[in-house]
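Start counting the sequence shown at 1; every next residue gets the next number (UniProt numbering). What follows is a set of notes on a single structure, which appears directly below.
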Amino acid sequence: MAVSKPAPGVIRKLNEVVVNRIAAGEVIQRPANALKEMIENSLDAKSTSIQVTVKQGGLKLLQIQDNGSGVRKEDMEIVCERFTTSKLQKFEDLNSIATYGFRGEALASISHVAHVTITTRTVDSKCAYKGMYSDGKLKEPVKPCAGNIGTQITVEDLFYNITTRRKALKSPSDEHAKVVEVVSRYAVHNSGVGFTVKKHGDSTADVRTPVNSSPVDNIRTIFGPSIAKELLNISHENQQMSFKLNGYITNANYSMKKCTFLLFINHRLVDSGSLKKAIDNIYQAYLPKNMHPFLYLRTVLSAVLYVKCPQNGSFSNALRQM
Ligand SMILES: Nc1ncnc2c1ncn2[C@@H]1O[C@H](COP(=O)(O)OP(=O)(O)O)[C@@H](O)[C@H]1O
Ligand SMILES: [Mg+2]
Numbered sequence: 001m002a003v004s005k006p007a008p009g010v011i012r013k014l015n016e017v018v019v020n021r022i023a024a025g026e027v028i029q030r031p032a033n034a035l036k037e038m039i040e041n042s043l044d045a046k047s048t049s050i051q052v053t054v055k056q057g058g059l060k061l062l063q064i065q066d067n068g069s070g071v072r073k074e075d076m077e078i079v080c081e082r083f084t085t086s087k088l089q090k091f092e093d094l095n096s097i098a099t100y101g102f103r104g105e106a107l108a109s110i111s112h113v114a115h116v117t118i119t120t121r122t123v124d125s126k127c128a129y130k131g132m133y134s135d136g137k138l139k140e141p142v143k144p145c146a147g148n149i150g151t152q153i154t155v156e157d158l159f160y161n162i163t164t165r166r167k168a169l170k171s172p173s174d175e176h177a178k179v180v181e182v183v184s185r186y187a188v189h190n191s192g193v194g195f196t197v198k199k200h201g202d203s204t205a206d207v208r209t210p211v212n213s214s215p216v217d218n219i220r221t222i223f224g225p226s227i228a229k230e231l232l233n234i235s236h237e238n239q240q241m242s243f244k245l246n247g248y249i250t251n252a253n254y255s256m257k258k259c260t261f262l263l264f265i266n267h268r269l270v271d272s273g274s275l276k277k278a279i280d281n282i283y284q285a286y287l288p289k290n291m292h293p294f295l296y297l298r299t300v301l302s303a304v305l306y307v308k309c310p311q312n313g314s315f316s317n318a319l320r321q322m
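This is the structure we're talking about:
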């Protein structure tokens, strides 16, 4: 007997706006992702001051002000288009790239899922210019205005056009905590830059680090003096593998409520959830209950990093094996 099959679906090409919105939603999943991209842009622009202002966990407003190079007026037309970058020209440049970004996708992605306003001034411009963007494009010609040298990017109503994503992010306070976490981590890793993050309308900052402090100063400011006091400096280098690691960990005497793990690979903050769990399990196995380590590790590597945490070993052994 013939089995009845469903009629095949009709295949259609998706319209460009839908394609871009889906792609953007994959790059930018929450306010903290958008902020990480914007912080990296500010660092690429050689800023020494980065100030972040947040409303409703960044869903209503996420604003970043830096004192970097600014964007040239001529470039403002295309700055939010996909694959527009000042950091890469030809494929070979990838071998010597020293910036965080180079694909020209971050601002484009953000502008497909939020209202973006950029106010920017370069050192040789008499005034600042302001542009408002939607779906990668300028909404109207840029206008001259007052402004400091550097760039201010305002992201409003994130995911206003992706209802499902918006609903999935229920709690502004969770999003705010993630935003503060991203700023804190970049602040520890970039101690030559002063960072602040605060809620819109608040006079006190959630995190404030001074320019030209040290990583340990910033760990003290952000995570507290009791952690800073326990820090051990560790480093490891293997020239053959062009591998370098250094960082700070708390020793076994310290007890805190949860494992804090900051991992930067090639200066990029890495989401290291499973590695953090593995490290925490090792500490848990060897130390009394509820003792957790603090770790800040930064590695520079050209090869692939592979950390194997042995079941009966310690994290320092695991590091030694790298
Ligand atoms: N804060 C900033 N200061 C100066 N220029 C910026 C800033 N943010 C973005 N830009 C410019 O916009 C371009 C596009 O940024 P982005 O979409 O993040 O792509 P990418 O960083 O990969 O180049 C950058 O190449 C840079 O020229
Ligand atoms: Mg970028």
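Glycine included, each C-beta is placed from N, C-alpha and C at the ideal position. Every value quoted in this text rests on a predicted model; they were computed, and no experiment measured them.
When the options are compared against residue i, the one with the closest alpha-carbon
i	options	result
isoleucine 28	Val123, Leu245, Ala108, Met76	Ala108
arginine 298	Ile249, Ala128, Lys178	Ile249
asparagine 41	Ser125, Gln152, Ser214, Ala146	Gln152
lysine 55	Leu88, Ala187, Leu158, Cys127	Leu158
alanine 45	Gln63, Ala23, Leu94, Val71	Val71
glutamate 156	Leu269, Lys258, Thr85, Leu35	Leu35
serine 49	Val211, Leu269, Ser235	Val211
lysine 167	Ile22, Pro8, Arg30	Arg30
alanine 106	Ser86, Phe261, Lys90	Ser86
serine 272	Gly194, Asn266, Leu262	Leu262
histidine 292	Asp280, Arg268, Leu43	Asp280
arginine 103	Val300, Asp124, Glu81, Gln51	Glu81
methionine 241	Lys178, Val300, Ala278, Arg208	Val300
glutamate 26	Val113, Asn15, Pro8	Val113
glutamate 16	Gly150, Gly136, Thr99, Lys276	Gly136
asparagine 266	Ala205, Pro8, Thr99	Thr99
glutamine 63	Gln89, Ile22, Glu77, His115	His115
leucine 43	Ala205, Tyr160, Asn67, Asp124	Asn67
glycine 57	Val180, Ala278, Cys259	Val180
serine 235	Ser125, Val79, Gly147, Tyr296	Tyr296
asparagine 290	Thr209, Lys277, Lys257, Phe83	Lys257
arginine 268	Val182, Leu94, Tyr160	Val182
Buried or exposed by the 16-neighbour rule on C-beta atoms within 10 Å, applied to residue i
i	result
phenylalanine 264	buried
threonine 196	buried
histidine 200	exposed
valine 18	exposed
arginine 320	Below a pLDDT of 50, predicted positions are generally treated as unreliable, and arginine 320, at 47, falls in that range; no measurement from the model is reported.
threonine 120	buried
residue 328	With the chain covering 1 to 322 only, the question about residue 328 has no answer from this structure.
serine 171	exposed
serine 173	exposed
glutamate 175	buried
proline 8	exposed
glutamine 89	exposed
alanine 285	exposed
lysine 276	buried
Whole-angstrom distance between residue j and residue i, CA atom to CA atom
i	j	result
lysine 13	glutamate 140	29 angstroms
valine 216	phenylalanine 294	12 angstroms
leucine 287	arginine 185	26 angstroms
alanine 32	lysine 244	28 angstroms
lysine 229	valine 188	15 angstroms
arginine 165	glutamine 239	45 angstroms
serine 4	valine 10	18 angstroms
glutamate 237	glycine 247	12 angstroms
glycine 101	proline 6	46 angstroms
leucine 138	serine 213	39 angstroms
residue 324	glutamine 65	Residue 324 falls outside the range modelled here, since the chain spans only 1 to 322, and no answer is possible.
serine 96	valine 270	21 angstroms
glutamate 74	isoleucine 227	48 angstroms
methionine 76	tyrosine 283	51 angstroms
valine 142	glutamine 51	23 angstroms
aspartate 206	threonine 154	19 angstroms
N-terminal and C-terminal residue of the beta strand (DSSP E) that residue i is part of
i	result
isoleucine 50	49 to 55
tyrosine 129	128 to 134
lysine 198	194 to 199
tyrosine 296	294 to 300
phenylalanine 243	243 to 250
8 angstroms contact criterion, which residue i and residue j should meet: CB distance rounded
i	j	result
lysine 169	leucine 59	Reading off the sequence shown, one finds leucine at residue 169, where the question assumed lysine. Sure, about 7 angstroms apart at Cβ, within 8 angstroms.
cysteine 145	tyrosine 133	The Cβ separation is near 16 angstroms, so there is no contact.
isoleucine 110	glycine 131	Their Cβ separation, rounded to whole angstroms, is 14 angstroms, which puts isoleucine 110 and glycine 131 out of contact at 8 angstroms.
asparagine 233	serine 191	With 8 angstroms as the limit, asparagine 233 and serine 191 do not qualify as a contact, their Cβ atoms being about 14 angstroms apart.
threonine 122	serine 69	7 angstroms
lysine 198	threonine 53	6 angstroms
isoleucine 149	arginine 21	About 34 angstroms; that fails the 8 angstroms criterion.
threonine 209	glycine 194	6 angstroms
Enclosing alpha helix (DSSP H) for residue i [first to last residue]
i	result
proline 8	Per DSSP, proline 8 belongs to no alpha helix (DSSP H) and is neither H nor E.
isoleucine 279	273 to 286
proline 31	31 to 44
serine 226	225 to 230
arginine 21	16 to 27
glutamine 110	One detail in the question is off: residue 110 reads as isoleucine in this sequence, not glutamine. From DSSP, the alpha helix (DSSP H) with isoleucine 110 extends over 106 to 113.
lysine 178	172 to 189
lysine 167	163 to 168
heavy atom of ligand 3 below 8 angstroms from residue i C-beta
i	result
glycine 101	Ligand 3 is absent from the structure shown, which contains only ligand 1 and ligand 2.
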